[in-house]
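Our numbering puts the first residue of the sequence shown at 187, with every later residue one more than the last.
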Amino acid sequence: MCGIVGYIGKRNTQNVLIEGLKKLEYRGYDSAGIAVFTDKGLEIAKAKGRLANLETKLENTPLIGSVGIGHTRWATHGKPSDVNSHPHTDDSHKFSVVHNGIIENYLELKEELIAEGHTFVSETDTEVISHLIAREYEGDIVKAVQKAISHMRGAYALGVLTEYEPNKLVAVRQASPLIIGVGEDENFIGSDIPAILEYTRNVYILNDGEMAVLTQDAVELMTIEGNFISREMIRVDWDAATAEKGGFEHFMLKEIHEQPKAYRDTMRGRIDASGKHVVLPELKLNSEQIKNIRNVQIVACGTAYHAGLVGRSVIEQLVKIPVETDVASEYRYRSPIITPETLVIVVSQSGETTDTLAALREAQSHGAHVLAITNVVGSSIARDADDVITTLAGPEIAVASTKAYTSQLIAFYLLGLYLAEVRGTQTPEQIAHIIAAMQALPEQVEKMLSQADAIKDFAEQISKHEDLFFIGRGLDYAVAQEGSLKLKEISYIHSEAYPAGELKHGTLALIEDEIPVIALATQESVLEKTVSNIKEVKARGAEVMAITFEEHVAGLLKSVDQAFAIITHIVP
Ligand code: F6R
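Next comes the structure, spelled out in structure tokens:
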């Protein structure tokens with residue numbers, strides 16, 4: 187996730203861009219840059235780090251002009267650095283591009299362009315776009331952009347400028363958000379409404395496959411094939427703070443709702459066109475090394491550790507290798523048996539957690555290959571690990587991890603399937619079946635999220651209690667542990683997650699009248715057993731809420747007080 191902004195009009199363009207980017211920093215903040223058409227031509231300023239670094243740079247050498255584009259980055263291809271920051275340009279420096287999204291086929295396009303004589307300076311996928319547009323330019327920037335994107339696969343919101351047509355700003359949307367702000371003698375583009383709200387409340391929302399051509403006094407909307415479209419303008423009446431949270435009450439809620447997009451982005455380019463194979467071109471671990479893995483150790487903290495508990499089950503079942511999961515702060519003190527045939531997987535959203543970093547070093551000191559699953563390209567863990575799978579969840583602003591956790595689960599499934607194919611532990615049909623289930627997931631989660639009101643009612647009932655239990659078996663128990671952590675962290679309600687079959691060995695004593703128990707019952711293989719554990723707590727007076735599949739809701743309602751349906755399951 188990155189933020190883009192663009193302006194054409196009579197104001198101080200640099201200020202409009204910087205102020206817009208400040209409102210988009212929640213979308214990415216590891217580097218920033220702007221391009222402005224000045225009296226010297228297209229001039230670009232970029233800086234690694236927070237936007238303040240770019241502002242400092244611009245204090246000494248401001249870019250004065252009436253059209254410009256800006257970008258705040260959350261790295262996906264190439265570490266955060268000045269050179270990898272946007273805007274990107276071509277060999278002639280006559281074209282400039284800002285991009286939010288991922289170009290899936292950028293490596294093949296890059297090779298093609300290099301063979302044609304283009305020179306690349308960055309590690310990004312975006313630079314390919316500026317070279318493509320330059321190659322296709324024959325005097326009409328709109329046509330050049332249309333031709334360029336016809337070669338691209340993936341997700342992109344773009345802002346494009348060329349020195350040849352300095353009175354035009356071209357914007358494109360394909361699977362990444364983009365809005366157009368309409369002012370008087372000035373027009374804007376932005377990844378999100380807050381970027382432009384200070385200047386105008388009149389907005390067009392672009393749909394996928396659409397583009398816009400902005401001049402100072404007009405906005406033309408068209409499809410990427412060039413067919414003009416007319417669209418009603420929207421009048422935004424949100425205040426700036428609400429707009430920044432996309433209309434949600436707070437960032438945590440916004441990020442919960444961003445999960446479907448985070449899954450799509452994390453899977454993008456990692457499942458081949460046939461839908462039958464996982465491809466992880468970023469992995470250095472070769473087939474020989476994969477075949478030699480004797481055991482796996484997953485090490486992480488907090489929520490990432492809980493993702494690791496699911497990861498253990500996924501890898502054991504798909505790859506048939508023994509897996510242990512460790513809390514990072516304990517790992518190095520238990521003298522784990524690590525050999526060069528051990529694959530150590532460290533999981534960290536931030537990539538900066540000290541205990542996880544220490545575990546990584548401990549594992550490397552014993553010769554293990556360390557693979558990191560992290561959400562932050564260029565973080566300490568990403569830099570030090572031997573291999574990295576990046577979750578493309580975008581920055582998590584809320585303190586409590588939500589979309590990063592579920593994206594980590596997607597990463598574990600991708601990794602598990604990839605290892606299973608190399609080691610031949612699953613049939614091609616089994617692999618294709620799970621891939622299909624994963625691809626259906628974003629839409630199913632969208633449906634799940636539409637039940638938010640019913641869940642809110644349930645939350646209101648339990649908010650009056652001081653203690654709560656989560657119970658489940660297998661994967662349900664792993665997820666229960668994350669649910670319990672989230673409840674404690676966010677609601678300050680004491681809760682415990684228990685393997686459903688373990689309660690009877692003592693803890694059942696704490697189950698008394700009306701104590702809420704959330705029972706996860708999504709594992710077919712242990713459903714009956716979970717139901718008998720539910721009966722045990724019901725017999726002691728608990729109020730039980732079950733989470734299960736649609737087809738089991740009616741049956742479970744005979745034993746529980748409430749039941750919520752989840753739409754599907756991925757069976758390893
Ligand atoms: C809980 C939460 C924490 C983190 C933990 C590890 O909502 O966010 O438990 O998961 O501090 O952080 P990372 O993943 O950044 O290493």
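We treat Cβ as the ideally placed atom computed from N, Cα and C, and that holds for glycine.
By how many angstroms is the C-alpha of Glu682 removed from the C-alpha of Arg569?
Going by the C-alpha atoms only, they are around 36 Å apart.
Please name the residue, chosen from Pro266, Val283, Ile204, that lies closest to Glu309 on a Cα-to-Cα basis.
Closest option to Glu309, Cα to Cα, is Pro266.
When the Cα of Ser473 is compared with those of Ala590, Tyr350, Ile327, Tyr604, which residue comes out closest?
Looking at the Cα atoms, Tyr604 is the closest of the given residues.
Output the boundary residues of the alpha helix (DSSP H) element that contains Phe131.
The structure shown does not extend to residue 131, since the chain is modelled only from 187 to 758, so the question has no answer here.
Per DSSP, what kind of secondary structure is Leu471 in: helix, strand or coil?
In this structure, Leu471 counts as coil in the three-state DSSP scheme.
Out of Leu237, Ile230, His263, point me to the one whose CA is closest to Ala247's CA.
The sequence shown places Thr at residue 247, not Ala. Residue Ile230 is the option with its Cα nearest to Thr247.
Please determine whether the Cβ atom of Gly488 lies at a distance below 6 Å from any heavy atom of the ligand F6R.
Checking every heavy atom of the ligand F6R against the Cβ of Gly488, one is found closer than 6 Å.
What's the call for Asp311, buried or exposed, on a 16-neighbour Cβ count within 10 Å?
Buried.
What distance in whole Å lies between the Cβ atoms of Ser587 and Thr489, which are believed to be in contact at a cut-off of 8 Å?
Yes, Thr489 and Ser587 are in contact; Cβ-Cβ is about 4 Å, under 8 Å.
Check whether the Cβ atoms of Val464 and Arg456 sit closer than 7 Å, and answer yes or no.
Yes, the Cβ-Cβ distance between Val464 and Arg456 is below 7 Å.
Buried or exposed for Ala645, going by 16 or more other Cβ atoms inside 10 Å?
So Ala645 ends up on the exposed side.
Is the segment 382-401 close to the segment 431-450, with three or more CB pairs under 8 Å?
Touching, no, given that fewer than three Cβ pairs across the two stretches are closer than 8 Å.
How about the segment 491-510 and the segment 608-617: do they share at least three Cβ pairs that are nearer than 8 Å?
In short, these stretches touch, since the Cβ pair count reaches three.
So, are the CB atoms of Ala381 and Lys209 less than 7 Å apart?
Yes, the pair counts as a contact, with Cβ atoms nearer than the cut-off.
Check whether the Cβ atoms of Val598 and Val500 sit closer than 7 Å, and answer yes or no.
The residue you asked about is not Val; residue 598 is Phe in the sequence shown. Going by C-beta atoms, Phe598 is nearer than 7 Å to Val500.
With burial defined as no fewer than 16 other Cβ atoms inside 10 Å of the residue's Cβ, what is the status of Tyr323: buried or exposed?
Buried, because 16 or more other Cβ atoms sit within 10 Å of the Cβ of Tyr323.
With distance defined between alpha-carbon atoms, name the residue in Ser282, Val314, Phe750, Gly287 nearest to Lys354.
That would be Ser282, whose Cα lies nearest to the Cα of Lys354.
Would you call Tyr519 buried or exposed, if buried means 16 or more other Cβ atoms sit within 10 Å of its Cβ?
So Tyr519 counts as exposed.
Using the three-state DSSP reduction, which class does Ser499 fall into: helix, strand or coil?
Looking at Ser499 - three-state DSSP - the assignment turns out to be helix.
Output needed for Phe595: all residues of its chain with C-beta closer than 7 Å, excluding positions within five of it in sequence on either side, in chain order.
Per the sequence presented here, residue 595 reads as Leu, with Phe not at that position. Once the five neighbours on either side are set aside, the close Cβ partners of Leu595 are Ala493, Val496.
Tell me which same chain residues have a C-beta within less than 7 Å of the C-beta of Ser745, skipping the five on either side of it?
Taken in chain order, the residues that qualify are Val717, Ile720, Lys721, Lys724.
Look up Ala683 in the DSSP assignment and give the residues it is bridged to.
Ala683 is bridged to Phe656.
Enumerate, from N- to C-terminal direction, the unbroken beta strand (DSSP E) stretches of 3 or more residues contained entirely within the segment 262-316.
As far as the segment 262-316 is concerned, its whole beta strand (DSSP E) runs of at least 3 residues are 281-289.
Please give me, in chain order, every unbroken run of the alpha helix (DSSP H) with length at least 4 that falls completely inside the segment 412-459.
List check, alpha helix (DSSP H) in window: 426-430, 437-443, 445-453.
Which residue's Cα is closest to the Cα of Arg480: Arg450, Leu529, Val358?
Measuring from the Cα of Arg480, the nearest candidate turns out to be Leu529.
Between Val307, Gly340, Leu295, which has its C-alpha nearest Ile288's C-alpha?
Ranking Val307, Gly340, Leu295 by Cα distance to Ile288 puts Gly340 first.
Spatial neighbours of Ser271 within its chain, please: CB distance less than 8 Å, with the 5 preceding and 5 following residues excluded, ordered by chain position.
Within the same chain, Ser271 has close Cβ partners Ser217, Ala218, Gly219, Lys232, Ala233, Lys234, His257, Arg259.
Please classify Arg321: is it buried, with 16 or more other beta-carbons within 10 angstroms of its beta-carbon, or exposed?
Answer is buried; the Cβ neighbour count reaches 16.
Do Ile379 and Ile365 have their CB atoms nearer than 7 Å?
Cβ distance < 7 Å, so Ile379 and Ile365 count as in contact.
With a threshold of 8 Å, are at least 3 pairs of Cβ atoms found where one atom belongs to the segment 668-686 and the other to the segment 617-626?
No: the two stretches stay apart, fewer than three of their Cβ pairs being nearer than 8 Å.
Which residues in the same chain as Gly192 place their Cβ atom closer than 6 Å to its Cβ, once the five residues preceding and following it in sequence are excluded?
Result list for Gly192: Ile255, Gly345, Leu355, Ile375, in chain order.
Apply the 10 Å Cβ neighbour rule to Ser565 and answer buried if 16 or more other Cβ atoms are within range, or exposed otherwise.
By the 10 Å Cβ count, Ser565 comes out buried.
Helix, strand or coil for Thr348? Go by DSSP, reduced to three states.
Three-state result, Thr348: strand.
Can you determine whether any heavy atom of the ligand F6R sits closer than 6 Å to the C-beta of Thr539, and answer yes or no?
Flag set: Cβ of Thr539 near the ligand F6R.
Considering Ala732, what are the terminal residues of the beta strand (DSSP E) in which it resides?
That run of the beta strand (DSSP E) goes 729-735.
Among the residues of its own chain, which have a CB less than 8 Å from the CB of Glu582, if the five just before and after it don't count?
For Glu582, where only same-chain residues beyond five positions count, the Cβ hits under 8 Å are Glu441, Gln535, Asn561, Thr588, Lys589, Ala590.
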